[in-house]
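Mapping the sequence shown onto numbering that gives the first Met the number 0, position 210 (from 1) lands on 209, and the numbers just tick up by one.
Positions of the beta carbon are idealized from the N, C-alpha and C atoms, including for glycine.
Below you'll find the structure, written out as structure tokens, and then a few comments.
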Amino acid sequence: MTVQKKYITVFVPTYNGEPYIKELIEAVLLQDLPKGYLLEFIIIDSGSKDKTVEIIASNYLEKIVFLEIPNNEYGHGKTRQKATEIAKGEYILFLSQDATPQSHRWLINMIEPFFISDKIGAVFGRQVPRPFSVPTIKREVASVFGSLGAPDSIIIHREKSLVDGTPMNQLNSFFSDVNSAVRKDLIEKIPFRDVKYAEDQALAEDIQNNGYLKAYSPAGAVWHSNEYTSREYYYRKFDEYLGLQESTKTVLTKSRKSLFLGWIRPSLNDFKFARKDGEYNRRARLKFIVGIPFYNFSQQLGKYNAIKYLHNPKMRAKISLESRSKD
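Quick look at the structure:
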């Protein structure tokens, strides 16, 4: 009697992912699997100009499914949906190219919430900033995920009360496919939207609007913190805030006061964070002292211009999104 093979799929989209792609692949290939399951690992590259393709082609073609597409065919939601359509896995896990699983039980921890209830349609895991990340980015990642739940817990999020439909707090709408998992049978019915950005937030919204729940699994942790210059950070934040407005129901109001003064307090907090963080050496602290204000002003400018862009057709024609987010 032939036993039907069961799979769990991991998908990573790549674009100039050379710095971390090797360690990411090795970490995924070493994952523990539930009894009776096999690993399917899919990577789709969209025109990398660095050594990403060379690294994959030289070392891993026998162990993964590797596809290449033109850069102009890539879309945050579209490409992830393409991966779900070819995936064999009962569960599909998503990583960004710079997110490395911290342990060999990352995969098991990420799918565990699905075994609690069939109502759980999506899971996101913890992100831990890399030790020498820019303080502005490191503090942001650490504070967001540090506030979501204890390391060994599983937190069930719902947009509205299951009892009487009362809206829950805004935190319950957060989702990130830097490190996430979905059930294949559900993603076939509720696909990723083909949007420029915030495809993960939009998916979480769609899943919850269709009566399903999402979960946070802190034990499914990855190393992740984007290594942006302050200019790249501006475009990252511009994309993020624009996507939140266009892809979800988030309403943002631009403020010149926030633009010109809103970077000061976060910068002071970053200075304190960098001074207390034992992972920074003296040279790194001195370097970051100079850069911190630029990162925080870039964040405020990105937000301000994203709001202005959405409501100003003339500005839409002038601004080009110069960098595609690494996520």
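How far does the beta strand (DSSP E) with residue i in it extend, from its first residue to its last?
| i | result |
| --- | --- |
| G120 | 119-127 |
| H156 | 154-156 |
| Y215 | 212-222 |
| A305 | Looking at the DSSP string, A305 is not in any beta strand (DSSP E); the run it does join, the alpha helix (DSSP H), is 281-309. |
| S161 | Checking the sequence shown, residue 161 turns out to be Leu, not Ser. L161 -> no beta strand (DSSP E), and no H or E assigned at all. |
| D44 | 36-44 |
| S179 | 178-182 |
| P12 | 5-13 |
| I91 | 90-94 |
| L260 | Run containing L260: none in the beta strand (DSSP E); it sits in the alpha helix (DSSP H), 255-260. |
| E411 | Coverage of the chain is limited to positions 0 through 326, which leaves residue 411 absent and any answer about it impossible. |
| E67 | 64-67 |
Tell me which residues share the same chain as residue i and place their Cβ nearer than 8 Å to its Cβ, disregarding the 5 neighbours each side in the sequence.
| i | result |
| --- | --- |
| R192 | G76, E198, A201, L202, D205, S246 |
| H223 | S95, D97, A98, T99, Q126, V127, P128, R129, V140, V177, N178 |
| N311 | none |
| L37 | K4, K5, Y6, I7 |
| G148 | I154, Y215, P217 |
| F174 | A121, F123, D199, Q200, L202, A203, K213 |
| W262 | P292, N295, F296, Q298, Q299 |
Assuming residue i and residue j are in contact, meaning their beta carbons sit under 8 Å apart, how far apart are those beta carbons, in whole angstroms?
| i | j | result |
| --- | --- | --- |
| I153 | E111 | 7 Å |
| K135 | Y294 | Here residue 135 turns out to be Thr, not Lys, going by the sequence shown. Yes, T135 and Y294 are in contact; Cβ-Cβ is about 4 Å, under 8 Å. |
| W105 | G219 | 5 Å |
| H103 | D184 | Not quite, the Cβ-Cβ distance comes to about 27 Å (not below 8 Å), so this is no contact. |
| Q298 | V221 | The Cβ separation is near 23 Å, so there is no contact. |
| P33 | I107 | 6 Å |
| I186 | T78 | So it is not a contact: roughly 13 Å between Cβ atoms. |
| F113 | R182 | 6 Å |
Taking the CB atoms as reference points, tell me whether residue i and residue j lie closer together than 9 Å.
| i | j | result |
| --- | --- | --- |
| V122 | A56 | no |
| S216 | G290 | no |
| E22 | P130 | no |
| I91 | I7 | yes |
| F287 | A273 | yes |
| I20 | I54 | yes |
| R138 | D269 | yes |
| V143 | Y227 | no |
| S257 | Y303 | yes |
Output needed for residue i: all residues of its chain with C-beta closer than 6 Å, excluding positions within five of it in sequence on either side, in chain order.
| i | result |
| --- | --- |
| Y14 | S45, S47 |
| L309 | Q244 |
| A305 | F237, Y240, L241 |
| K50 | E17 |
| V52 | D44 |
| I115 | none |
| G74 | D193 |
| V9 | V27, F40, L92 |
| S324 | Note that S324 scores 46 on pLDDT, short of 50, meaning its location in the model is unreliable and no value can be drawn from it. |
| E67 | D44 |
| T249 | L243 |
| I119 | P112, F113, L212, A214 |
| K87 | Y6, E39 |
How far does the alpha helix (DSSP H) with residue i in it extend, from its first residue to its last?
| i | result |
| --- | --- |
| E239 | 229-246 |
| E22 | 17-28 |
| V52 | 51-58 |
| E226 | Here E226 belongs to no alpha helix (DSSP H), and DSSP marks it neither H nor E. |
| F144 | 134-145 |
| I263 | 263-275 |
Can you name, in chain order, every residue of its own chain whose Cβ lies under 7 Å from the Cβ of residue i, other than the five neighbours on each side?
| i | result |
| --- | --- |
| E321 | For E321, the predicted model reports a pLDDT of 41, less than 50, meaning its position is unreliable; a value from the coordinates is still stated below. So the list reads Y234, once near-sequence residues are dropped. |
| I189 | D205, I206, N209 |
| M109 | L92, V122, G124, A180, S216, G219 |
| A283 | F131 |
For chain C, find out if any of its Cβ atoms is closer than 9 Å to the Cβ of residue i; answer yes or no.
| i | result |
| --- | --- |
| I115 | Protein chains in the displayed structure number just one, and chain C is not present. |
At least three beta-carbon pairs within less than 8 Å, the region 212-220 to the region 235-255: no
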